[in-house]
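Undergrad: In this note's numbering, the protein residues as written are 45 to 514. Glycine included, each C-beta is placed from N, C-alpha and C at the ideal position. Following this message is one structure expressed as structure tokens.
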């Protein structure tokens with residue numbers, strides 16, 4: 045908590061965290077601090093118990109038994125209890141519990157889901173809420189995750205990735221075992237028995253680089269096409285150093301078996317660099333003496349993963365180009381990344397019964413999903429946020445590739461809808477040290493978002509005073 049700007053009668057402004065590490069970083073210069081300064085509020089950072097609860101989960105042992113009460117509903121109940129019973133050190137003389145004081149909840153991503161649903165579930169406790177990139181929609185088939193990168197990423201890199209993934213799809217889904225074995229040998233993955241597990245790594249680095257590229261905080265930015273990046277590797281037009289004749293022969297055969305024989309020499313450097321890049325990733329993922337097959341098949345239990353498996357989904361998937369309600373363009377992730385594979389992995393990881401057929405999506409979607417709305421609720425996202433497809437400001441409706449009509453609406457002065465041009469995940473919640481502020485940092489779209497958000501919260505508090513004049 046930070047009471048630097050608090051004046052009696054001011055609001056309690058709570059930043060609900062998602063799976064981020066709990067620290068005081070949210071109390072640095074940024075939206076939470078700016079809101080407190082503008083309103084005479086108390087700034088509070090609140091962590092959900094299963095991520096920061098100490099002895100709630102003994103020694104971080106995330107078994108099914110220990111995680112059985114981990115749910116969004118429980119998190120909301122915890123937050124409501126906190127709001128009604130908390131005593132803030134040094135402010136014991138102030139009646140700051142809800143609903144005696146105006147409570148404003150802000151959060152991003154999973155924390156944005158929490159802030160949104162808290163406003164809906166407990167409107168008598170939480171006077172207003174802000175959801176930055178809040179993932180309010182639960183789906184099993186989240187194909188938009190990778191497709192955001194396809195649509196906005198560097199054209200040359202995306203074009204190469206589409207071809208490499210098409211080759212992987214064609215071979216791994218074929219009945220030609222010798223072709224599959226030869227393909228796996230390119231990555232040194234001959235012992236891998238799960239084609240799905242192998243395919244699941246082919247787009248990870250690209251999506252991670254994209255998320256890093258969309259950062260604006262100094263020190264966190266890493267251009268997606270920087271010299272050491274995944275894109276830089278796979279788009280190289282030069283053969284790797286020390287490549288052998290056998291490796292070239294394997295690459296040429298893989299390209300032909302994957303259906304791109306007419307571009308063999310053009311794709312040869314790309315696929316050889318791809319083989320090397322993924323091989324190095326495997327070496328980091330699975331250091332000796334563990335077997336690669338074991339590393340790719342295991343899933344480490346975690347609170348985040350539990351929520352995915354039990355109620356949220358959000359599984360990153362590929363698609364068949366031109367299939368119903370999917371783009372005509374080649375995807376950048378394989379069709380082997382599909383809900384069936386993820387659900388089976390959940391079943392094995394948490395020893396669910398055979399009757400388990402995936403997360404109970406209704407537990408999240410009952411709050412409104414992509415159509416979620418409420419009075420005094422700010423919705424924001426980055427235009428190029430990789431998670432945007434699960435937010436209320438998604439570009440497309442979940443069941444189709446039809447545009448979401450909501451994004452054409454700016455909302456209202458009380459409940460603005462904010463889409464930050466070229467923005468990434470939680471852009472308006474990122475905080476930086478005061479010394480890092482310049483005329484370009486934060487970006488103008490972030491400063492503009494903050495201005496709208498602060499003005500909306502001031503309006504909420506004016507209404508609070510009117511409603512509680514007595």
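With a CB to CB cut of under 8 Å and the five nearest residues on each side skipped, what residues in its chain are close to residue 372?
TA: 365 and 366
Undergrad: With distances taken Cα to Cα, identify the nearest neighbour of residue 195 among 501, 428 and 510.
TA: 428
Undergrad: Taking the alpha-carbon positions, what's the residue 209 to residue 378 distance?
TA: In a straight line, the C-alpha of residue 209 is about 6 Å away from that of residue 378.
Undergrad: Are at least three pairs of beta-carbons, each pair with one atom in the region 252 to 270 and one in the region 342 to 355, less than 8 Å apart?
TA: no
Undergrad: Using a Cβ-Cβ cut-off of 6 Å (strictly less than) and excluding sequence neighbours within five positions of residue 81, which residues of its own chain qualify?
TA: 49
Undergrad: For residue 239, which of helix, strand or coil comes out of DSSP?
TA: In this structure, residue 239 counts as helix in the three-state DSSP scheme.
Undergrad: Could you check what DSSP says for residue 41 in three-state terms: helix, strand or coil?
TA: Residue coverage of the chain in this structure runs from 45 to 514, which leaves residue 41 outside it and unanswerable.
Undergrad: Report yes if the CB atom of residue 169 is closer than 8 Å to the CB atom of residue 127, and no otherwise.
TA: yes
Undergrad: Would you give the residue range spanned by the beta strand (DSSP E) that residue 426 belongs to?
TA: 421 to 426
Undergrad: Is DSSP giving residue 394 helix, strand or coil here?
TA: coil
Undergrad: List the endpoints of the continuous alpha helix (DSSP H) containing residue 162.
TA: 154 to 165
Undergrad: Quick check: the region 308 to 324 against the region 286 to 299, are there 3 or more CB pairs under 8 Å?
TA: yes
Undergrad: Going along the chain, which residues of its own chain have a beta-carbon closer than 7 Å to the beta-carbon of residue 406, five neighbours each way excluded?
TA: none
Undergrad: With distance defined between alpha-carbon atoms, name the residue in 445, 485, 482 and 503 nearest to residue 188.
TA: Closest by alpha carbon: 445.
Undergrad: For the region 423 to 438 against the region 451 to 461, are there 3 or more C-beta pairs whose distance is under 8 Å?
TA: yes
Undergrad: Just mark residue 401 as buried or exposed, buried being the case when its beta carbon has 16 or more other beta carbons within 10 Å.
TA: exposed
Undergrad: With respect to the beta strand (DSSP E) encompassing residue 57, which residues constitute its N-terminal and C-terminal limits?
TA: 56 to 60
Undergrad: Closest to residue 261 by CA distance: which of 470, 511 and 506 is it?
TA: Out of 470, 511 and 506, 470 has the C-alpha closest to the C-alpha of residue 261.
Undergrad: Pull up the distance between the alpha-carbon of residue 248 and that of residue 325, whole angstroms please.
TA: 10 Å
Undergrad: Could you check whether residue 278 and residue 197 sit closer than 8 Å to each other, using their CB atoms as the reference points?
TA: no
Undergrad: Residues bridged to residue 440 by DSSP?
TA: 447
Undergrad: Under three-state DSSP, which class holds residue 215?
TA: helix
Undergrad: Could you tell me whether the region 173 to 192 touches the region 351 to 358, using the rule of 3 or more Cβ pairs below 8 Å?
TA: yes
Undergrad: Whose CA, out of 132, 173 and 156, lies closest to the CA of residue 147?
TA: 173
Undergrad: Rounded to whole angstroms, what is the Cα-Cα separation between residue 391 and residue 404?
TA: 13 Å
Undergrad: Which residue comes first and which comes last in the beta strand (DSSP E) that contains residue 175?
TA: Residue 175 -> beta strand (DSSP E) spans 172 to 176.
Undergrad: Closer than 8 Å is the cut-off here; do at least three beta carbon pairs connect the region 466 to 486 with the region 230 to 239?
TA: no
Undergrad: Mind checking who residue 88 pairs with in its DSSP beta bridge?
TA: 58
Undergrad: Relative to the C-alpha of residue 83, which residue among 511, 513, 281 and 506 is closest?
TA: 506
Undergrad: Assuming the contact rule is C-beta atoms closer than 8 Å, residue 8 and residue 153 should be a hit. Round their C-beta distance to whole Å, please.
TA: Summary: the structure shown does not reach residue 8, with the chain confined to residues 45 through 514, and so no result is reported for it.
Undergrad: Under the DSSP definition of a beta bridge, which residues are partnered with residue 104?
TA: Its beta-bridge partners do not exist; DSSP assigns none.
Undergrad: Please classify residue 131 as buried or exposed, where buried requires at least 16 neighbouring CB atoms within 10 angstroms.
TA: exposed
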